[in-house]
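These notes concern the structure reproduced below.
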Amino acid sequence: MTRSGFAAILGRPNVGKSTLLNQVVGTKVSITAASPNTTRQAIRGMLTEGDTQIIFVDTPGIHRPRTTLGGRLNDTARAAADGVDVILRSSRLARPSVPATATCSRRCCATRTVATRRCRASW
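Everything in the sequence shown is counted per my numbering, starting at 83 for the first residue and increasing by one.
As structure tokens, this is what we get:
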């Protein structure tokens with residue numbers, strides 16, 4: 083019997099969501115850069131081990147939008163979180179949780195399992 087599921091990776095811009103996806107999948111499926119908002123659409127990466135398959139969804143960073151593009155990036159991230167089984171929230175160790183991330187967590191994660199991964203800034 084094959085088991086499968088979807089996991090969305092959410093968090094602020096530049097906290098290592100794309101790097102985490104690339105590390106988990108074992109190959110580069112998502113672009114990484116030092117500049118914020120490099121990921122502009124949901125990117126999927128698949129991990130298969132034995133009879134288990136997980137689809138990870140890399141999302142744009144959730145932030146307080148100042149432009150129309152920023153608002154659309156937030157909408158893209160929230161839409162990617164709809165219908166997934168697990169939401170992984172990524173944040174930096176050196177920075178405490180900020181209101182935009184907390185708001186996202188309340189809206190997106192109200193009825194689902196939430197796993198939190200704090201990434202080192204050197205990732």
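Every residue gets a Cβ at the ideal spot worked out from N, C-alpha and C, and that includes glycine. Being a predicted model, the structure only gives us computed values, none of them experimental.
Cutoff 6 Å; reference Lys110; Cβ partners in own chain excluding five residues on either side: The residue you call residue 110 lines up with position 28 of the sequence shown. Within the same chain, Asn104 come within 6 Å of Lys110 by CB-CB distance, once the 5 residues on both sides are set aside.
Cβ-based neighbour list, Asp133, same chain, cut-off 6 Å, excluding 5 preceding and 5 following: As a working note, residue 133 is residue 51 in the sequence shown. If you ignore the 5 residues before and after Asp133, its C-beta comes within less than 6 Å of the C-beta of Thr84, all in its own chain and listed in chain order.
Closest residue to Ser117 among Asp140, Ile125, Arg146, Val97 (Cα-Cα distance): On the sequence shown, position 35 is the one that residue 117 refers to. The shortest C-alpha separation from Ser117 is found at Val97.
Ala89 vs Leu170 beta-carbon contact at 8 Å: Along the sequence shown, read from residue 1 onward, the residue named residue 89 stands at position 7. Along the sequence shown, read from residue 1 onward, the residue named residue 170 stands at position 88. Taking 8 Å as the Cβ cut-off, Ala89 and Leu170 qualify as a contacting pair.
Beta-ladder partner(s) of Leu92, from DSSP: Here residue 92 refers to the residue found at position 10 when the sequence shown is read from its first residue. Paired residue(s): Arg171.
For Val168 and Ser100, the rounded distance between their alpha carbons: For the purposes of this step, residue 100 is identified with residue 18 of the sequence shown, where counting begins at 1. For the purposes of this step, residue 168 is identified with residue 86 of the sequence shown, where counting begins at 1. Answer to the nearest angstrom: the Cα atoms are 17 Å apart.
Beta strand (DSSP E) segment containing Arg126, residue limits: As a working mapping, residue 126 is identified with position 44 in the sequence shown. That run of the beta strand (DSSP E) goes 125-131.
Range covered by the alpha helix (DSSP H) that runs through Asp140: Reading the sequence shown from its first residue, position 58 is the one you call residue 140. From DSSP, Asp140 is part of no alpha helix (DSSP H) but of the beta strand (DSSP E) over 134-140.
Delimiting residues of the alpha helix (DSSP H) encompassing Val106: Position 24 of the sequence shown, counted from the first residue, corresponds to residue 106. Element bounds for Val106: 99-107.
Residues sharing a beta bridge with Gly87, DSSP: The residue you call residue 87 lines up with position 5 of the sequence shown. Looking at the DSSP assignment, Gly87 forms a beta bridge with Ile136.
Beta carbon of Thr158 nearer than 8 Å to that of Pro142: Against the sequence shown, residue 158 aligns to sequence position 76. Against the sequence shown, residue 142 aligns to sequence position 60. Contact: yes.
Boundaries of the alpha helix (DSSP H) in which Asn156 is found, first to last residue: The residue you call residue 156 lines up with position 74 of the sequence shown. Unbroken alpha helix (DSSP H) run through Asn156: 150-163.
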